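Chains as they are written, first to last, in the working numbering: chain A, 69 to 250; chain B, 187 to 635.
We put the CB at the ideal spot given by N, CA and C, even for glycine.
Since the structure is predicted, the reported quantities are computational estimates derived from the model, not experimental observations.
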């Protein structure tokens, strides 16, 4: 194909290189298109904001909000009610951690933090506020942003927004419970 | 079939030149010449050499593990195609079609069980095949023989990884609890790889959440992409056996036989045992004395047919006894407790659960260490081992050669570690992946949701 006698380009060698170049570009282009087409541009996935119900109807303690894959905590103290929300997706490899705080079988020692959540897949353990206690989880469970929906007063969990611990408490006054549009 | 003997006698009387025209003549050769011609003229037989060594086809040289792996792949292909007619790869209907297979389709549960058991068996025989190659030093060629068996070792490792990928993508398809949580963990292991993790996960599951995109991707991988790749690479794997001059045990016979009288010839490259490049021995019908040789047809052929039939019979027998399990439908809110992978991934699951390490505030996820780093290092060590193995060429084709005792112990240690991790994962891990000794009762943990 190529002219070995001299380095002068001939018509034959030029056409040969041209053919190789065009063929190569076409092959690379098709390969790129094939791979790129598998990276989705539009995701038909559920919203990251999930309504968790009216604050007044959420029981005290820990409640799983399934659609958000998150636990909502409610603590009522007089006029004030505190909410915070924590992801239920294990930071290790994404299993759903299970609430085990109710189990009283293990004695609570003073120097050991109490286990609130355990992961069934690889045994990570988290305290009630999501800090890693034991197991392979590399990070604490993130706290998620909470808000009250302006249209119907439901508690809204935003799984796309992580918030700092202790700053995420939503103090909610029960006297304003009836402010809702129907 | 009654006229078979008559056909034969007719064949004997036939003109020599007409023999080749008979439809089934090659399967019952009557002479050495006819036997040799059969492998040249018959499409199915042409993959064989005309002659093989007695040693090469004896059971204790190889235990036929590679062949059995290939037979299991055939069984998987056939049963898999049948299952494709009966399975719908949609999140809504996948689990229902599994239920139909189990309870509605005639013999559906048996076909599914065959497919599952053959898949488990293929992982096991592929691993045992690798073990056999290690202990017999079949991953090396002596330079005098002109083969490069190291290449086939590398291809074999690729095939082993492909086999695991096929198994993984296969058990996702029922879309039960095992399937769903395996995807969750697999996708997050991929995500834990550095730099490309997020993209890798997105491409793998077709989005940020597991759903229909994920299922159809793994379906295509399992039914189309991976089988085609494994068939092509597997064919090359088998071709290379002849390219490298036959099995290692044959090479040993050749080098023992011709140790003194080798006269390298600059041009001749063919023997009937295999095709080689470079300066090898001069062309003869064989490099070996006739006493050590046997005809591929029928001796190898018959054994191959027996291997196919017995492998199938064993798989079918087990399939009648052991039903393929089906867990509850995929539940995105509640993993099984404990959630366990199939046995061939349990050692990885155990590693993943144990290998997160912290140095101060610096944390590396066990998903990366146990799920990617350690397996990759293990594969790389396996891959380069033949190139650093300095044991003498006399060890090639010999079980547990004296000169290799140290490396055999190292390898056995590695294999036993994997097996020990599998046992720990299978029997000693209870709810929340806590450690329970054999026989220690597990606490009853009610499913919360």
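My output table needs one value for residue i: the three-state DSSP class, helix, strand or coil.
i	result
residue 409 of chain B	helix
residue 333 of chain A	Nothing about residue 333 of chain A can be reported from this structure: the residues present for chain A run from 69 to 250 only.
residue 118 of chain A	strand
residue 98 of chain A	helix
residue 451 of chain B	Interpretation of residue 451 of chain B is limited by its pLDDT of 49, a score under 50 that renders its predicted location unreliable; the figure taken from the coordinates is listed afterwards. Of the three classes helix, strand and coil, the one that applies to residue 451 of chain B here is coil, per DSSP.
residue 377 of chain B	helix
residue 456 of chain B	Bear in mind that the predicted position of residue 456 of chain B carries a pLDDT of just 49, short of 50, making it unreliable; the figure below should be weighed with that in mind. Here residue 456 of chain B sits in strand by DSSP.
residue 248 of chain A	Low confidence applies here, because residue 248 of chain A scores a pLDDT of 47, under 50, leaving its location unreliable; read the following figure in that light. Of the three classes helix, strand and coil, the one that applies to residue 248 of chain A here is coil, per DSSP.
residue 157 of chain A	strand
residue 175 of chain B	The question about residue 175 of chain B has no answer, for chain B in this structure spans 187 to 635.
residue 621 of chain B	strand
residue 386 of chain B	helix
residue 110 of chain A	coil
residue 231 of chain A	strand
residue 143 of chain A	strand
residue 629 of chain B	coil
residue 615 of chain B	strand
residue 129 of chain A	strand
residue 213 of chain A	strand
residue 186 of chain A	strand
residue 248 of chain B	helix
residue 433 of chain B	coil
residue 239 of chain B	strand
residue 176 of chain A	At residue 176 of chain A, the pLDDT of 49 sits below 50, so the modelled position is not reliable; the number obtained from the coordinates is stated separately. Here residue 176 of chain A sits in coil by DSSP.
residue 193 of chain A	strand
residue 168 of chain A	coil
Is residue i near the ligand FMN, judged by its Cβ being under 7 angstroms from some heavy atom?
i	result
residue 557 of chain B	Although the ligand FMN was asked about, the structure shown includes no ligands whatsoever.
Taking the alpha carbon of residue i as the point to measure from, which residue in the options has its own alpha carbon closest?
i	options	result
residue 199 of chain A	A:133, A:209 and A:149	A:209
residue 218 of chain A	A:82, A:122 and A:166	A:122
residue 437 of chain B	B:583, B:302 and B:356	B:583
residue 252 of chain A	A:230, A:185, A:140 and A:79	Nothing about residue 252 of chain A can be read from this structure; chain A reaches only from 69 to 250.
residue 618 of chain B	B:560, B:525 and B:554	B:525
residue 541 of chain B	B:557, B:589 and B:278	B:557
residue 155 of chain A	A:104, A:185 and A:145	A:185
residue 609 of chain B	B:351, B:319 and B:532	B:532
residue 335 of chain B	B:342, B:341 and B:327	B:327
residue 221 of chain A	A:109, A:120 and A:182	A:120
residue 404 of chain B	A:117, A:82 and A:106	A:106
residue 227 of chain A	A:134, A:89 and A:75	A:134
residue 594 of chain B	B:291, B:252, B:282 and B:318	B:318
residue 168 of chain A	A:132, A:144, A:83 and A:136	A:132
residue 255 of chain B	B:514, B:493, B:575 and B:577	B:493
residue 395 of chain B	B:421, B:416, B:417 and B:367	B:367
residue 239 of chain B	B:495, B:226 and B:480	B:480
Would residue i pass as a contact of residue j if the rule is Cβ separation under 8 angstroms?
i	j	result
residue 478 of chain B	residue 234 of chain B	no
residue 363 of chain B	residue 522 of chain B	yes
residue 330 of chain B	residue 244 of chain B	no
residue 230 of chain A	residue 214 of chain A	no
residue 536 of chain B	residue 611 of chain B	yes
residue 373 of chain B	residue 346 of chain B	no
residue 419 of chain B	residue 348 of chain B	yes
residue 165 of chain A	residue 187 of chain A	yes
residue 435 of chain B	residue 163 of chain A	no
residue 538 of chain B	residue 161 of chain A	yes
residue 265 of chain B	residue 304 of chain B	yes
residue 408 of chain B	residue 355 of chain B	yes
residue 315 of chain B	residue 252 of chain B	yes
residue 343 of chain B	residue 568 of chain B	yes
Nearest chain E C-beta to residue i closer than 8 angstroms, yes or no?
i	result
residue 546 of chain B	The structure shown contains no chain E; the protein chains it does contain are A and B.
inquiry  = So within the segment 467-534 of chain B, which uninterrupted alpha helix (DSSP H) runs reach at least 4 residues, ignoring any that extend past its ends?
reply    = With a minimum length of 4 residues, the continuous alpha helix (DSSP H) runs that stay inside the segment 467-534 of chain B are 487-507.
Start-end ranges of the alpha helix (DSSP H) lying completely within the segment 529-598 of chain B, minimum 4 residues = Those alpha helix (DSSP H) runs which fall completely within the segment 529-598 of chain B and span 4+ residues are 529-540 and 560-574.
ask   = Going along the segment 97-122 of chain A in order, which residues come within less than 9 angstroms of chain B, judged by CB to CB distance?
value = Against chain B - using a Cβ distance shorter than 9 angstroms - the residues of the segment 97-122 of chain A are 103, 106, 107, 108, 111, 112, 113 and 114.
key: Contact set between the segment 125-155 of chain A and chain B, restricted to residues whose Cβ is under 8 angstroms from the partner   = 132, 134 and 137
message = Residues of the segment 367-385 of chain B in Cβ contact with chain A at a cutoff of 7 angstroms, in chain order, please.
response = When CB distances to chain A are screened at a threshold of 7 angstroms, the residues of the segment 367-385 of chain B falling below it are 367, 370, 371, 374 and 375, in chain order.
task = Output, in sequence order along the chain, the residues in the segment 200-228 of chain A whose CB is closer than 8 angstroms to any CB in chain B.
result = Against chain B - using a Cβ distance shorter than 8 angstroms - the residues of the segment 200-228 of chain A are 203, 204, 205, 206 and 207.
Within the segment 267-352 of chain B, ranges of the beta strand (DSSP E) (whole runs, at least 3 residues) = Within the segment 267-352 of chain B, not a single complete beta strand (DSSP E) segment reaches 3 residues in length.
task = Check each residue of the segment 526-537 of chain B: if its Cβ is closer than 8 angstroms to any Cβ of chain A, include it; give the result in chain order.
result = 535
request  = Could you run through the segment 504-519 of chain B and flag, in chain order, every residue whose CB is less than 8 angstroms away from some CB of chain A?
outcome  = Listed in sequence order: 518 and 519.
request  = Compile a chain-ordered list of the residues in the segment 181-192 of chain A whose CB is closer than 8 angstroms to at least one CB of chain B.
outcome  = 186, 187, 188, 189, 190 and 191
task = Determine which residues of the segment 341-367 of chain B have a Cβ less than 7 angstroms from any Cβ of chain A, and write them out in chain order.
result = 367
inquiry  = Output needed in chain order: residues of the segment 160-171 of chain A with a Cβ under 7 angstroms from some Cβ in chain B.
reply    = 160, 161, 162, 163, 164, 166 and 167
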